[in-house]
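Trainee: Can you keep this structure in mind? I'll have questions shortly.
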Amino acid sequence: MLKTTRRNAIGLSAATLAACAAAERAQAQAQTITAADATAPRLPLESGATLRMLRPVRFVQPDEDVFRANCARFTQATGVQVRVDFVGWEDITQQTAVTANTGAGPDLIIGFNESPHVYADKLVELSDVAEYLGKRYGGWLALAQRYGKRHGTNNWIGLPFGSTGGPLVYRKSAVNAAGYERPPEDLPNFLDLCRKLKQAGKPSGFALGNAVGDGNGFANWVVWSHNGFLVNEDGTVGINSRETVAALHYLKELYATFIPGTLSWGDVSNNRAYASNECWLTANGVSLYFALKNDPATRAIAEDTEHMLLPKGLASASPMAGLTLNAMVFKHSRYPNASKALLQFLLEREQMDPWLNANLGYWAHPLANYDASAVWTSDPKVTLFRDTMRSPFWIGYKGPISEASAAANAEYVMVQMCASVASGQATPEAAAREAERRAQRFFRRR
Amino acid sequence: MSVTTAIDWTKRRADRSALARLFDWKPFLVFICLLPAVGLLMTFLTYPLGLGIFLAFTDTTIGRRGVWVGLENFEYLLSDPLWWNAVFYSVFYTAVATVLKFGLGLWLALLLNQHIPFKSLIRAIILLPWIVPTVLSAIAFWWIYDPQFSIISYVFVDVLGWRTTNIDFIGSAWPARFSLIAANVWRGIPFVAISLLAGLQTISPSLYEAALLDGSTAWQRFRFITFPMLLPILAIVMTFSIIFTFTDFQLVYAITRGGPVNSTHLLATLAFQRGIPGGQLGEGAAIAVSMIPFLVVATLFSYFALARRKWQQGEGND
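Protein chains in written order, with the numbering used here: chain A, 1 to 446; chain B, 447 to 764.
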């Protein structure tokens, strides 16, 4: 996604300076976030506390700069030294596993999605901090509650920091030429739009290859928009249903309208096809839009680009589950209070708002009052990402969040079910049965 | 002259300490000298291998210590079409790629063995595909096979105008399988060619001269001199090649990640996919362990079929 060239790097460092200046301004702006009076939990800092934290690497350079600056301000305010290590996205899950199992290493980790649920019994409960922040900033949004609380309880084991989703990205001109103001919310009309785009030689395209983000996002949408789901509420596998089969029949017709080659698409393929005028409607994070906007060669495409939440179909809300940053504090930490205080500090408006701004909307906030953050009005085309964490869907919907739902996601169970139907290798019924068989393996005793 | 020295000499022998005698004892000395090597092997080879085999009998996941489940993982694999699919493709991939690599590699070696201008430079260039890091060539092939931006599609569609649509290299099962085999063959030929070239150069020219005097044809010289003389090195190179091809990982993982719909998973990529991103360490280890029988059979085959010649063991007059 991010390619670093020399020119880029020079541009970036200039951008970094600009971002730091912007961060100063953002400090002032942070006051526009309303904060109710709430009593912060009493967290007496352990004397001589020092903290070590892991988090996933930045998406844009200002992300890292502002995050480090925020931690430095925590040190200034409390005297607690904080060391932050940025870890590759693919490695953070394994590093979390090692930390949890050996009981040594960083005091706190910002991981992804399900991590706190997998290691729940090795974590410090964060309910006091979470309740305070919820009261102060208008409450936690739906996805944040889902990923933060232990299943079926009100006990917080993770503190979500933000979430990134992949809504529809489309060329306004092409959709308008097909006779639609914007992509329709209902499934038959959406199919009609894709057919017309195909006829016009401006096809749509969604990843059906082994793409962790885009592939799972699309496959989940196909199933969820027909009211199907992978897991029942009690954690048993529920993928082999009438709804799933209907969804796969629909997919077969939809796939016929795609640009050729989507079965081998990885996470970057749709970005490239979209940027070269080969694909006119796809689903992606905000990164695609900014890549187009910042390159003079593709600025015209960016101007013609609009975002829209994935069509609802039969579901009551747009079926999209963002990739969520989820912070956790380990029991083995000698400074649990300092750890909690740091997370609380980072989620306060003076730190959180500049950080959201630095990320240009890539990470959407978990607390309601940050709706007022300047980042959401900085570019009207980014505004809809504001609601990413209002989604009632999550990875492994509708079951408890667990290691198993994460494994089914990483093993592309849903993606491959869809791909096998799209490619004609399996009938919808057979594909649903195969997905059920594979999923049952993951959910067998949890 | 010898009397005095002989007496002195026996005296010294009697003086030797127990330690010195211990070090003079050959079995002990052998043991001591082997110790560093054995230690290194135990630490860096036997332990990981043993751990891998142990994990295959547990249900360990990333994040949770497993319990011993005996053969359960293997029983599941036997009922798992994905595993059978990976077994099929691993064998198919290895067989087809090895035949092609050896056919083309031998041909290339024979050509390189001729007297041609810039011989050493050409030989060096031939090695390039093998020297380039696999991931690098995999990324190059990934672009070559890209559904939208393939250079081959570009040439056929936009330059020559022979086709109207892009070629779908890795979008469906069989084309994807053959595309990966082509990439593997491209990478593997130099190794085979250079190794066989080394073998060719050990064949004494006098054999060819004698054959020429007897009025042999080029085919006869190849069939009755080159080929038999090349067999020992052929056996070794083939054993290596089969092992490397069967356990290939990078090409497949970088180009298709086992897709489309798992049709190009090799056992190695399936083991990684299930063990690390999928988190099912035990099952991933079981898949990796399930490769061992195939490797043993393949190795024995090339050893017995190609290398069991009496004259190679220096006893016969074959």
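All C-beta atoms, glycine included, are put in the ideal place defined by N, C-alpha and C.
Everything numeric in this text was worked out from a predicted model, so none of it was measured.
What distance in whole Å lies between the Cβ atoms of residue 431 (chain A) and residue 417 (chain A), which are believed to be in contact at a cut-off of 8 Å?
Mentor: 5 Å
Trainee: By DSSP, does residue 112 (chain A) sit in helix, in strand, or in coil?
Mentor: strand
Trainee: Take residue 514 (chain B) and list the residues in its own chain whose beta-carbon comes closer than 8 Å to its own, dropping the five residues that flank it on each side.
Mentor: Here the set comprises 503 and 504.
Trainee: Can you have a look at residue 547 (chain B) and say buried or exposed, based on whether 16 or more other CB atoms are within 10 angstroms of its CB?
Mentor: Buried is the call here.
Trainee: Who are the neighbours of residue 210 (chain A) on chain B, taking C-beta pairs under 7 Å?
Mentor: 703, 704 and 705
Trainee: Quickly, what does DSSP pair residue 193 (chain A) with across the bridge? List them, please.
Mentor: DSSP, once it has assigned bridges, lists no residue as partnering residue 193 (chain A).
Trainee: On the DSSP bridge assignment, give the partners of residue 83 (chain A) in chain order.
Mentor: A:52
Trainee: Closest to residue 29 (chain A) by C-alpha separation, out of A:350, A:385, A:400 and A:367, would be which residue?
Mentor: If we check each option's Cα against that of residue 29 (chain A), A:350 comes out closest.
Trainee: Output the residue ranges of the alpha helix (DSSP H) runs that lie fully inside the segment 511 to 581 of chain B and measure 4 residues or longer, sorted by chain position.
Mentor: 518 to 524, 527 to 558, 565 to 572 and 574 to 577
Trainee: Apart from the five residues just before and just after residue 440 (chain A), which ones in its own chain have a Cβ nearer than 8 Å to its Cβ?
Mentor: 237
Trainee: For residue 616 (chain B), go through chain A and note every residue whose CB falls closer than 9 Å to its CB, in chain order.
Mentor: 209, 261, 263 and 264
Trainee: Roughly how many angstroms separate the alpha carbons of residue 481 (chain B) and residue 731 (chain B), rounded to a whole number?
Mentor: If you take the alpha carbons of residue 481 (chain B) and residue 731 (chain B), they lie about 29 Å apart.
Trainee: Between which two residues does the alpha helix (DSSP H) holding residue 161 (chain A) run?
Mentor: Unbroken run through residue 161 (chain A) is the beta strand (DSSP E), 159 to 164; no alpha helix (DSSP H).
Trainee: Assign residue 224 (chain A) to one of three DSSP states: helix, strand, or coil.
Mentor: It is helical.
Trainee: Is DSSP giving residue 623 (chain B) helix, strand or coil here?
Mentor: helix
Trainee: Please list, in chain order, the residues of the segment 490 to 508 of chain B that have any C-beta partner in chain A closer than 8 Å.
Mentor: 507 and 508
Trainee: Drop a sphere of 10 angstroms on the beta-carbon of residue 199 (chain A), count the other beta-carbons inside from all chains shown, and report buried for 16 or more, exposed for fewer.
Mentor: In this structure residue 199 (chain A) is exposed. Its beta-carbon is surrounded by fewer than 16 other beta-carbon atoms within 10 angstroms.
Trainee: So the alpha helix (DSSP H) residue 501 (chain A) belongs to, where does it begin and stop?
Mentor: Residue 501 (chain A) is absent from the structure shown; chain A starts at 1 and stops at 446.
Trainee: Is there a Cβ of chain A sitting closer than 8 Å to that of residue 726 (chain B), yes or no?
Mentor: yes
Trainee: Compare the C-beta of residue 667 (chain B) with all C-beta atoms of chain A and state if any pair is closer than 8 Å.
Mentor: no
Trainee: Assign residue 340 (chain A) to one of two classes, buried (16 or more other C-beta atoms within 10 Å of its C-beta) or exposed (fewer than that).
Mentor: buried
Trainee: For residue 157 (chain A), count neighbouring C-beta atoms within 10 Å of its own C-beta (all shown protein chains included) and say buried if the count is 16 or more, exposed if not.
Mentor: buried
Trainee: Grab the span of the alpha helix (DSSP H) containing residue 415 (chain A) for me, first residue to last.
Mentor: 413 to 422
Trainee: Using 8 Å for Cβ pairs, my map puts residue 191 (chain A) next to residue 389 (chain A). What's the rounded Cβ distance?
Mentor: With a Cβ gap of about 29 Å, residue 191 (chain A) and residue 389 (chain A) do not count as contacting.
Trainee: Between the beta-carbon of residue 398 (chain A) and the beta-carbon of residue 243 (chain A), is there less than 8 Å?
Mentor: no
Trainee: Just curious, the beta strand (DSSP E) that residue 329 (chain A) is in, first and last residue?
Mentor: 323 to 329
Trainee: Can you name the residues of chain C whose CB is closer than 7 Å to the CB of residue 535 (chain B)?
Mentor: Absent from the structure is chain C; the protein chains it does hold are A and B.
Trainee: Under 9 Å between beta-carbons, which chain A residues line up against residue 522 (chain B)? List them in chain order, please.
Mentor: Residues of chain A whose Cβ lies closer than 9 Å to the Cβ of residue 522 (chain B) are, in chain order, 441.
Trainee: Going along chain A in order, which residues have a C-beta closer than 8 Å to the C-beta of residue 720 (chain B)?
Mentor: 411
Trainee: Which ranges does the alpha helix (DSSP H) cover as unbroken runs of at least 4 residues, wholly within the segment 301 to 362 of chain A, from first to last along the chain?
Mentor: 336 to 347 and 349 to 358
Trainee: What are the boundary residues of the alpha helix (DSSP H) that residue 282 (chain A) is part of?
Mentor: No alpha helix (DSSP H) holds residue 282 (chain A); the beta strand (DSSP E) holding it covers 281 to 283.
Trainee: Between the segment 322 to 339 of chain A and the segment 116 to 131 of chain A, can you find at least three pairs of beta-carbon atoms closer than 8 Å?
Mentor: yes
Trainee: Let me check one thing: in DSSP terms, what residues is residue 156 (chain A) bridge-paired to?
Mentor: Residue pairing from DSSP places residue 156 (chain A) in a beta bridge opposite A:149.
Trainee: In the DSSP output, what is residue 231 (chain A) paired with across the bridge?
Mentor: A:237
Trainee: Report the rounded CA-to-CA distance for residue 447 (chain B) versus residue 462 (chain B), giving the unit in angstroms.
Mentor: Bear in mind that the predicted position of residue 447 (chain B) carries a pLDDT of just 49, short of 50, making it unreliable; the figure below should be weighed with that in mind. Approximately 24 Å, taken between the alpha carbons.
Trainee: Given a cut-off of 8 Å on the beta-carbon distance, is the pair residue 641 (chain B) and residue 689 (chain B) in contact?
Mentor: no
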